[in-house]
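Q: Residue numbers (the numbering used here): 3 to 409. Where a beta carbon is used, it is the ideal one built from N, C-alpha and C, also for glycine.
1) Which ranges would you report for the alpha helix (DSSP H) in the stretch 203-272 if only whole runs of at least 4 residues count?
2) Between the alpha carbons of residue 414 and residue 262, how many angstroms are there, rounded?
3) Determine the extent of the alpha helix (DSSP H) in which residue 111 is found, giving its start and end residues.
4) Just to confirm the assignment: which complete beta strand (DSSP E) runs, minimum length 3, are found wholly within the stretch 41-91?
5) What would DSSP say about residue 148, mapped onto helix, strand or coil?
6) Give the straight-line distance between the Cα atoms of residue 268 and residue 116, rounded to the nearest whole angstrom.
7) Determine, using beta-carbon pairs with one atom in the stretch 220-233 and one in the stretch 90-98, whether at least three such pairs fall under 8 Å.
8) Output needed for residue 136: all residues of its chain with C-beta closer than 8 Å, excluding positions within five of it in sequence on either side, in chain order.
9) Return helix, strand or coil for residue 128, following the three-state DSSP convention.
10) Could you tell me which of 9, 3, 366 and 5 sits nearest to residue 409, measuring between CA atoms?
11) Is residue 324 helix, strand or coil when you go by DSSP?
12) Between the alpha carbons of residue 65 and residue 16, how many angstroms are there, rounded?
13) Cβ of residue 413 within 7 Å of Cβ of residue 369?
14) Assign residue 13 to one of two classes, buried (16 or more other C-beta atoms within 10 Å of its C-beta) or exposed (fewer than that).
15) From 196, 270, 160 and 195, pick the residue whose C-alpha is nearest to that of residue 230; which is it?
16) Could you give the DSSP three-state label for residue 336: helix, strand or coil?
17) Tell me, which residues are paired with residue 24 by DSSP?
18) Is DSSP giving residue 392 helix, strand or coil here?
19) Here's a check: name, in chain order, each residue in its chain whose Cβ is nearer than 8 Å to the Cβ of residue 394, leaving out the five neighbours to either side.
20) Where do the ends of the beta strand (DSSP E) carrying residue 31 lie?
21) Using 8 Å as the threshold, is the stretch 232-247 in touch with the stretch 186-194, meaning 3 or more CB pairs across them?
22) Mapping the DSSP letters down to three states, classify residue 283 as helix, strand or coil.
23) Kindly identify the DSSP beta-bridge partner or partners of residue 373.
24) For residue 5, is the classification buried or exposed, using 16 other Cβ atoms within 10 angstroms of its Cβ as the cut-off for buried?
25) Going by CA-CA distance only, name the one from 39, 105 and 283 that's closest to residue 166.
26) Contact between the stretch 80-92 and the stretch 151-171 is defined here as three or more beta-carbon pairs at a separation below 8 Å; is this criterion met?
27) Per DSSP, what are the beta-bridge partners of residue 95 in this structure?
28) How big is the Cα-Cα spacing for residue 344 and residue 382?
29) Compute the Euclidean distance between the alpha carbons of residue 264 and residue 293, then round it to the nearest angstrom.
30) At the level of alpha carbons, what is the spacing between residue 214 and residue 157?
31) State the start and end residues of the unbroken beta strand (DSSP E) segment that holds residue 291.
32) With 16 as the cutoff for other CB atoms within 10 Å, does residue 198 come out buried or exposed?
33) Just verifying my parser: in three-state terms, what is the DSSP assignment at residue 197?
34) Where does residue 9 fall in DSSP's three states?
35) Which of the three DSSP states is assigned to residue 330 in this structure?
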């Protein structure tokens, strides 16, 4: 990945607004499959041009292919893998883990009972970030009659689909000197960790098979010369899924997670791998998020060159001080979020610059890219605000670059 000592390079979490007419067709994907296939390259060209116009240096396809039928950041993978099916829920079934935000749920029962945690900020929120492994139609307090389970060998068959994604982005980047391209792909934990294994002999064998499966998509992206962003919010959000874990127990669990993730990345070029983790995009209290200081060293054991993480929201904006105690490994890049999805307020470029400098003074300017906490296309109230946030980010990058050089 590129580095710069002239100004801070900028990127984002992946999810971006879509052209209105195209978005309407995606919402009814089964009725418009042929039209969507024909219009996808033009839509990707539109979003690449919008990102570059906002001053973004490392751009993507907006994650448009993940939006079919109101899909979430991870549901797109269901059509690219085999081995999973919905089965009747056994009478003695015990979920592998608790639900989203379980530690917060215990302290804020009224908030969760109200359903407000399902809403976003500012305006309409596209569907997404549903409870992994839940049966379709299952809502809060509803016990599903079906569960999603691994019932056969897990394997990847999405080669044609990922090729279309790659081709659309590469065409859109033609003639865009100075812009690099990335495609976000689902992490192995997000694909498999919530699902009950009914096929493999144990959890380790199952998750290794999941890692082999997602690796096929990662390899297609890196073979095409693009950056793959491994989307793995579960690296931090699993702390909520196991609400009775101590920090030491969770760190031991992360050792297993690192092994699985690195198995998925084996043999791939690290300079084309960016790993994204977050504490979940849900608009909830987040008071029990695992502190970054407890997991940062585990994060840097993952075989990626760059690491994207939340750093602008009110629960994590102070955690740049972690780098007073933890040394960033040589050759690594951090991509802290300097703008966020948690508010429709557009961050001031001076605040963006301040946030970047807080990190750069500790790890070196060339080792910092500007990023967003998470994808902002579906969690911010209106697309106009998204573009304004990205422009503020790029302006802040220039301000911070000048100050780091003493100008």
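A: So, from the listed chains and residues:
1) 205-225, 236-243 and 249-267
2) Outside the shown range of the chain, which is 3 to 409, sits residue 414, and nothing can be said about it.
3) Position 109 of the chain shown, counting from 1, holds the residue named residue 111. First-last of the alpha helix (DSSP H) with residue 111: 111-116.
4) 83-90
5) Mapped onto the chain shown, residue 148 falls at position 146. Residue state, collapsed to three classes: strand.
6) As a first step, residue 268 must be located in the chain shown, where it is residue number 266. As a first step, residue 116 must be located in the chain shown, where it is residue number 114. Cα to Cα, residue 268 sits roughly 44 Å from residue 116.
7) no
8) Residue 136 sits at position 134 when you count from the first residue of the chain shown. Residue confidence for residue 136 is low, a pLDDT of 36 falling below 50, so the modelled location carries little weight; the figure read from the coordinates is stated next. Excluding residues within five positions, the ones whose Cβ falls inside 8 Å are 146 and 150.
9) Within the chain shown, the letter at position 126 stands for residue 128. Unreliable positioning characterises residue 128 in this predicted model, as indicated by a pLDDT of 39, which lies under 50. The coordinate reading is nonetheless provided below. Three-state DSSP puts residue 128 in coil, outside helix and strand.
10) Taking the first residue of the chain shown as 1, we reach residue 409 at position 407. Comparing Cα-Cα distances from residue 409 to each of 9, 3, 366 and 5, the minimum goes to 9.
11) For the purposes of this step, residue 324 is identified with residue 322 of the chain shown, where counting begins at 1. Helix, per DSSP.
12) Reading the chain shown from its first residue, position 63 is the one you call residue 65. Reading the chain shown from its first residue, position 14 is the one you call residue 16. Looking at the two C-alpha atoms, the distance is approximately 6 Å.
13) There is no way to answer for residue 413, as the model of the chain reaches only from 3 to 409.
14) Within the chain shown, the letter at position 11 stands for residue 13. It is buried - the Cβ of residue 13 has at least 16 other Cβ atoms within 10 Å.
15) Counted from its first residue, the chain shown places residue 230 at position 228. Ranking the options by Cα distance to residue 230, first place goes to 270.
16) Residue numbering aside, residue 336 sits at position 334 when the chain shown is read from its first letter. Strand.
17) In the chain shown, the residue the question calls residue 24 occupies position 22. Looking at the DSSP assignment, residue 24 forms no beta bridge with any residue, so it has no partner.
18) Position 390 of the chain shown, counted from the start, is the residue given in the question as residue 392. Looking at residue 392 - three-state DSSP - the assignment turns out to be helix.
19) Residue 394 sits at position 392 when you count from the first residue of the chain shown. Excluding residues within five positions, the ones whose Cβ falls inside 8 Å are 341, 348, 349, 350, 351 and 354.
20) By 1-based counting over the chain shown, the position of residue 31 is 29. Counting along the chain, residue 31 falls outside any beta strand (DSSP E), and DSSP gives it neither H nor E.
21) yes
22) In the chain shown, residue 283 corresponds to position 281, counting from 1. In the structure shown, residue 283 sits in coil (DSSP, three-state: anything other than H, G, I, E or B).
23) Within the chain shown, residue 373 is the residue found at index 371, counting from 1. 339.
24) Taking the first residue of the chain shown as position 1, residue 5 is located at position 3. Exposed, because fewer than 16 other Cβ atoms sit within 10 Å of the Cβ of residue 5.
25) Walking along the chain shown from the start, residue 166 turns up at place 164. Nearest of 39, 105 and 283 to residue 166, Cα basis: 39.
26) yes
27) Within the chain shown, the letter at position 93 stands for residue 95. Residue 95 pairs with nothing; no bridge assigned.
28) Start at 1 with the first residue of the chain shown, and residue 344 comes out as number 342. Start at 1 with the first residue of the chain shown, and residue 382 comes out as number 380. For residue 344 and residue 382, the distance between alpha carbons rounds to 8 Å.
29) Within the chain shown, the letter at position 262 stands for residue 264. Within the chain shown, the letter at position 291 stands for residue 293. Rounded to the nearest angstrom, the two C-alpha atoms are 23 Å apart.
30) Your numbering for residue 214 matches position 212 in the chain shown. Your numbering for residue 157 matches position 155 in the chain shown. If you take the alpha carbons of residue 214 and residue 157, they lie about 8 Å apart.
31) Residue 291 sits at position 289 when you count from the first residue of the chain shown. Segment: none, residue 291 is in no beta strand (DSSP E) and carries neither H nor E.
32) If you number the chain shown from 1, residue 198 lands on position 196. Residue 198 is buried by the Cβ-count criterion.
33) What you label residue 197 is simply residue 195 of the chain shown in a count that begins at 1. Note: residue 197 maps to coil in three-state DSSP.
34) Here the question's residue 9 lines up with position 7 in the chain shown. In the structure shown, residue 9 sits in coil (DSSP, three-state: anything other than H, G, I, E or B).
35) Sequence index remark: in the chain shown, residue 330 carries index 328 (1-based). If DSSP states are grouped into helix, strand and coil, residue 330 belongs with coil.
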